[in-house]
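As given, the protein sequences belong to chains A and B, one line each in that order.
Heads up, the first sequence is in the working numbering, so the first residue is 40 and it goes up one at a time.
Heads up, the second sequence is in the working numbering, so the first residue is 4 and it goes up one at a time.
Right, one structure below, let's go through it.
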Amino acid sequence: MDDRPFDRKVYKVRATTRRLRVGPYLRSNDGELVVKCLEGDLDAFNELVERYQNAARNRAVAIVRDFQAAEDITQEAFVKAYDSIPQIDNPDRFGAWLMTIVQRTALDHLRGKKETMSLESMKEQGFEAQRQTRGLQIEKLEDREDDVQVLEALRDLRDDYREIIELKHIEGLSYKEIADRLGMTVSAVGEKLSRVRKMLERKLTKHQVPQAGAIEESEAP
Amino acid sequence: MMVLREDERDLLLSMYVDGELEGEQRAAVEQRLASDPAWQADYEALRAATQRISRVVESNWHDEAMTQKVRERVAARPAPSTATAAAAAKRLKAADTQTRQARIRAEARAQRVRWLGWFAAAAAMLLFAISLSFVLGGGTPQTPVAQAPAAPLGRYDAKAAQVSGTDLKMERGVWAVGQRLQAGETQAWVALDDGSRLWLSPHGVLEGLASRSVKLLQGRVLIQVAPGRERFSVALEDGSTVEALGTRFEVALAENGPFVRVVEGHVRRHTDARSAEARGGQEIDPGFEVKPVDPRAVGARWPDAAPSEQSTASALAAPWSQVGGSPGHDGVSPLPGPLALAADAFYAYPKSESAEAGQYAPAVADARGRIFILRRADTERSRLFRLDLNAARPAWEPCGDAIHGHGQHHPPVVTPRGLVVLGVSKMTGSNVIAWDPETERVAWSADVGSSVYALACAPDGTLLASTFQRVAALDERDGRERWSYAAEGVTDLQAPACVLSDGQIVVATRAGRVVRLSPDGKLVREVRWSAAQGLFWPPVARTDGGVWLSAPDGGLANWGPDGKLEASTDGSVSTWPLGNGVLALGNRLGLPKGAAASLRGTSAVTAMALDGRGYLYAGAHAGVTRFKFDPAQDRAGETLAEDAFSLVQQGEIVRGGIAILPGRLVVTTTEGVQVFK
């Protein structure tokens with residue numbers, strides 16, 4: 040008889056290369072990053088890729104319904120964005136601008152066209168640059184001091200401490216799975232997780248960061 | 004009970020927070036938490052830290068492989084020409100500087116307005132003092148002090164209303180603090196600057212007191228409060244105040260006093276001496292009594308007030324206490340459903356290898372974003388599970404231990420107090436169990452003597468258990484039996500009861516006996532429907548007190564309030580109430596009433612739901628199709644975005660397996676639960 044709880048993992052394709060976003064530009068807003076890109080700073084573009092790849096992939100999946108194709112489309116869209124970045128009008132809206140490129144690339148993929156559809160013709164067909172979506176929450180990064188504080192605290196952790204947090208909270212692994220992956224006992228996993236969390240808690244309390252409120256989410260009507 | 008070692012406290016609490024403890028260990032930790040404040044404090048701190056970390060980590064990861072690939076491709080490309088890039092950078096920096104300067108100018112303007120406001124207040128006080136001294140002392144009147152511009156509150160519908168009560172000059176269509184706003188012959192909307200929306204009844208009068216504060220002087224007002232740091236308040240002439248945060252409610256001035264009716268959210272009305280709170284589906288009457296109210300009826304009075312287009316996660320906290328699972332509410336929700344489909348809002352659990360099809364009762368949801376499902380493990384055991392969409396990382400969690408007994412096809416119900424009540428079949432012991440999601444414990448359990456096949460919940464919280472041979476009415480607070488009705492020869496009562504607007508109750512047996520009871524369980528009338536076979540769906544209340552009834556193999560019948568059979572058909576029909584006395588029908592052709600397009604495939608319709616946006620979701624075995632439904636026109640419109648729901652492809656939708664949450668659609672299939680947004 041199967042009396043286990045339901046699968047606790049979110050039902051979606053799992054990557055094994057998921058990592059926390061703890062690059063050097065956590066505190067920079069999109070506009071600053073775009074300007075840095077134009078000044079030749081590839082790390083700034085890297086930060087934009089890290090910020091928006093999930094939203095871009097989700098948008099692509101929603102259009103093509105094919106995870107592998109969506110991966111390719113996302114990559115392609117970022118490369119196109121890099122090429123076109125001198126033309127961007129409003130760098131603070133990089134996310135919305137990127138989503139338009141993702142949509143255009145995904146539609147090209149669906150139609151098997153090599154050539155790129157113009158923005159005008161997309162608009163004629165009813166495709167507008169989306170306003171904020173859940174995937175674009177990160178645009179509000181500068182307003183979310185709490186996120187940055189937690190990420191900075193995580194960035195300062197020892198690699199093995201950060202890894203166990205990633206396995207637990209990004210990969211969603213159980214203690215047993217983490218133990219198997221790291222060659223530890225289940226109780227050692229529990230003790231280590233407990234230790235890391237307490238360490239983070241102390242660090243964050245010291246910063247006197249107010250507790251974050253409910254998850255914010257906005258969707259384009 | 005096992006003994007817990009103090010030196011393992013951190014480990015055990017960590018495992019408990021992560022759901023890694025089971026059975027005896029879990030029970031021991033829970034007992035310790037209940038009795039030991041030190042453990043409780045550590046647990047709360049750890050849980051808060053874990054949630055905070057989880058929330059941030061969840062939304063801030065990237066796929067290193069993807070990042071690396073893009074980086075390699077970009078690095079291999081020719082960089083934008085130095086001149087072009089430099090020109091663009093210069094342009095963007097200049098634009099940024101302009102934007103910053105504009106912001107500084109705006110801030111300076113706002114500061115000036117604030118200073119003027121203080122100056123105006125001081126001037127007003129001075130004027131008052133001077134006037135007073137003139138009245139009292141007979142002095143000489145002074146030169147009037149000029150008034151400063153008042154702070155604008157928002158914009159109003161200038162075609163339907165006008166402002167008065169002040170001689171301040173404001174732009175037409177702008178409503179300011181201190182001004183009265185009076186609606187004309189039609190409803191008038193007001194869009195406040197904080198994002199809140201108000202609809203004022205014809206001839207209604209509002210006065211603007213401050214940002215997020217108004218006074219209702221006449222008529223009714225419907226308020227959709229935008230989330231904000233300050234509570235939104237409505238002052239009333241009797242000195243009381245109504246307060247809310249992120250909600251939708253109506254305040255109506257009647258001859259005997261004010262009524263506060265809550266559609267979604269949580270509202271408090273108070274004076275210095277008295278206070279009352281109401282949640283979605285409740286009203287506070289002039290005497291501060293809290294009573295049930297049908298939010299659909301409230302919404303029907305505001306035809307121009309569309310549901311909020313933006314559905315945020317915080318809106319999930321709006322506790323409309325029943326979303327699906329109970330006649331009277333089943334299938335109809337005042338909540339806005341999903342906006343579009345997104346693949347990343349897709350939570351499911353896989354079918355167990357050993358599980359049989361149809362082992363899940365339809366999921367129910369409370370409007371705090373928690374979804375509950377009863378899973379039948381085998382013929383002896385069931386388990387209630389919960390998916391909390393407000394959690395940092397939504398995951399299915401078991402609610403307590405396994406339940407002795409197996410759940411039926413009908414869903415649990417969510418009571419007005421927020422309890423999740425389920426009925427199970429078993430030979431002995433308690434078979435109605437109330438789970439409290441707040442304490443995460445069983446609130447009470449009741450033995451009604453035999454297996455429970457279906458449950459319903461009246462708006463006052465009375466639970467009606469269909470137990471094959473009788474209907475038992477239980478008190479929501481403690482599970483005590485209030486009354487019971489058993490007709491001679493009835494041995495096939497398996498469908499949920501239906502509560503009519505006057506409190507009367509209708510139950511129907513599989514053999515077609517349709518019984519109407521008074522609110523205290525006394526027989527009012529019984530009629531028979533000879534054609535009925537395999538009666539399963541609950542009766543559906545008509546607005547005039549009549550009843551619709553359908554049977555999977557027996558057709559559809561329609562009785563008037565006097566018990567007279569008015570019409571009947573045969574064939575396979577399933578029914579869903581859509582409010583305002585309109586009924587949706589599903590048949591083997593999959594055609595809801597008046598639908599312009601058929602559902603895909605030819606499977607029978609197994610579930611329907613109407614959301615607050617006016618979309619009708621019809622589920623057949625092949626998937627869910629969305630229709631735009633207009634109750635005023637009594638018809639369904641064109642099929643919308645049909646293939647947007649093709650993701651419902653795992654298993655078949657169970658009977659009644661669609662529920663609405665704010666911005667979400669919850670679909671139960673034989674394979675699991677899927678949540679769309």
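Every residue, glycine too, gets a C-beta built ideally from N, C-alpha and C.
Since the structure is predicted, the reported quantities are computational estimates derived from the model, not experimental observations.
Notebook entry, point to check: Using a Cβ-Cβ cut-off of 8 Å (strictly less than) and excluding sequence neighbours within five positions of residue 59 of chain A, which residues of its own chain qualify?
Noted result: 190, 193, 194, 201, 204, 205, 209
Next item on the list: Name the residue from B/37, B/70, B/47, B/81 whose alpha carbon lies nearest to the alpha carbon of residue 89 of chain A.
Entry: With respect to the C-alpha of residue 89 of chain A, the residue from B/37, B/70, B/47, B/81 having the closest C-alpha is B/70.
Notebook entry, point to check: Going by Cα to Cα distance, which pick from B/211, B/32, B/280, B/183 is closest to residue 420 of chain B?
Noted result: B/280
Notebook entry, point to check: In chain B, which residues lie less than 7 Å from residue 200 of chain A when you measure between Cβ atoms?
Noted result: The premise fails here: residue 200 of chain A is roughly 12 Å from chain B at the closest Cβ pair, so nothing lies under 7 Å.
Next item on the list: Can you give me, in chain order, the residues of the stretch 191-224 of chain A that have a beta carbon less than 8 Å from any beta carbon in chain B?
Entry: 193, 204, 205, 207, 208, 209, 211, 213, 214
Checklist line | Residues from the stretch 131-143 of chain A in contact with chain B, defined by Cβ distance under 9 Å | finding: 131
Margin query: If you follow the beta strand (DSSP E) that residue 134 of chain A is in, where does it begin and where does it stop?
Written below: Note, residue 134 of chain A: premise wrong, no beta strand (DSSP E); alpha helix (DSSP H) at 133-150.
Check: Ordered along the chain, which non-local residues of its own chain (more than five positions away) have a Cβ less than 7 Å from that of residue 188 of chain B?
Finding: 205
Item checked: Boundaries of the alpha helix (DSSP H) in which residue 115 of chain A is found, first to last residue -> 106-123
Note to self: Would you say residue 76 of chain B lies against chain A (beta-carbon separation less than 8 Å)?
What the structure shows: yes
Next item on the list: Could you tell me which chain B residues have their CB closer than 7 Å to the CB of residue 60 of chain A, listed as they occur along the chain?
Entry: Per Cβ cutoff of 7 Å: 63, 64, 65.
Margin query: If I follow the unbroken alpha helix (DSSP H) through residue 53 of chain B, where does it start and stop?
Written below: 40-61
Notebook entry, point to check: Can you tell me whether residue 257 of chain B is buried or exposed, with buried defined as 16 or more other CB within 10 angstroms of its CB?
Noted result: exposed
Next item on the list: Determine the burial state of residue 215 of chain A: buried for a count of at least 16 other Cβ atoms within 10 Å of its Cβ, exposed for fewer.
Entry: So residue 215 of chain A ends up on the exposed side.
Check: Excluding five sequence neighbours on each side, which residues of the same chain lie with their C-beta closer than 8 Å to the C-beta of residue 235 of chain A?
Finding: 196, 200, 203, 204
Note to self: Check whether the stretch 84-99 of chain A and the stretch 50-65 of chain B touch, using three or more Cβ-Cβ pairs below 8 Å as the test.
What the structure shows: Taking one beta carbon from each stretch, the stretch 84-99 of chain A and the stretch 50-65 of chain B have 3 or more pairs nearer than 8 Å; the two touch.
Notebook entry, point to check: Roughly how many angstroms lie between the CA atoms of residue 659 of chain B and residue 247 of chain B, to the nearest whole one?
Noted result: 33 Å
Notebook entry, point to check: Does residue 107 of chain A have its Cβ less than 8 Å from a Cβ in chain B?
Noted result: no
Margin query: I believe residue 456 of chain B touches residue 471 of chain B by the beta-carbon criterion, under 8 Å. Please report the beta-carbon distance rounded to the nearest angstrom.
Written below: 6 Å
Checklist line | Proximal residues, the stretch 401-427 of chain B versus chain A, C-beta separation under 7 Å | finding: Within the stretch 401-427 of chain B, 401, 405 place their CB atoms closer than 7 Å to a CB of chain A, listed in sequence order.
Item checked: Which listed residue (B/507, B/529, B/522, B/523) has its alpha carbon closest to that of residue 516 of chain B -> B/529
Check: Does the count of Cβ pairs from the stretch 503-511 of chain B and the stretch 467-485 of chain B closer than 8 Å reach three?
Finding: yes
Next item on the list: Note down, in chain order, every chain C residue with its Cβ under 7 Å from the Cβ of residue 373 of chain B.
Entry: This model lacks chain C altogether; the protein chains it does include are A and B.
Next item on the list: Apply the 10 Å Cβ neighbour rule to residue 63 of chain A and answer buried if 16 or more other Cβ atoms are within range, or exposed otherwise.
Entry: exposed
Notebook entry, point to check: What's the gap between the Cα of residue 405 of chain B and the Cα of residue 437 of chain B?
Noted result: 14 Å
Margin query: For residue 150 of chain A and residue 120 of chain A, what's the separation of their Cα atoms in angstroms?
Written below: 21 Å
Margin query: Using C-beta distances below 6 Å, list every residue in its chain close to residue 330 of chain B, excluding the 5 sequence neighbours before and after it, in chain order.
Written below: Residue placement at residue 330 of chain B cannot be trusted, given a pLDDT of 30 that sits under 50; the coordinates are not used to answer.
Checklist line | Where residue 312 of chain B sits in the DSSP three-state scheme | finding: Because residue 312 of chain B carries a pLDDT of 35, less than 50, the predicted location of this residue cannot be relied on, and no value is offered for it.
Item checked: Rounded separation between residue 259 of chain B and residue 241 of chain B - CA only -> 11 Å
Note to self: By the three-class DSSP mapping on this structure, what secondary structure does residue 403 of chain B have?
What the structure shows: coil
Next item on the list: Check whether the Cβ of residue 236 of chain A lies closer than 8 Å to any Cβ atom in chain B.
Entry: yes
Notebook entry, point to check: Whole-angstrom Cβ separation of residue 46 of chain B and residue 16 of chain B, contact assumed at under 8 Å?
Noted result: 5 Å
Item checked: Contacts that residue 103 of chain A makes with chain B (C-beta to C-beta distance below 9 Å) -> Ordered by position in chain B, no residue passes the 9 Å Cβ test against residue 103 of chain A, which lies about 10 Å from the chain.
Margin query: Rounded to whole angstroms, what is the Cα-Cα separation between residue 103 of chain A and residue 139 of chain A?
Written below: 15 Å
Check: Quick one: is residue 85 of chain A near chain B, going by C-beta distance under 8 Å?
Finding: yes
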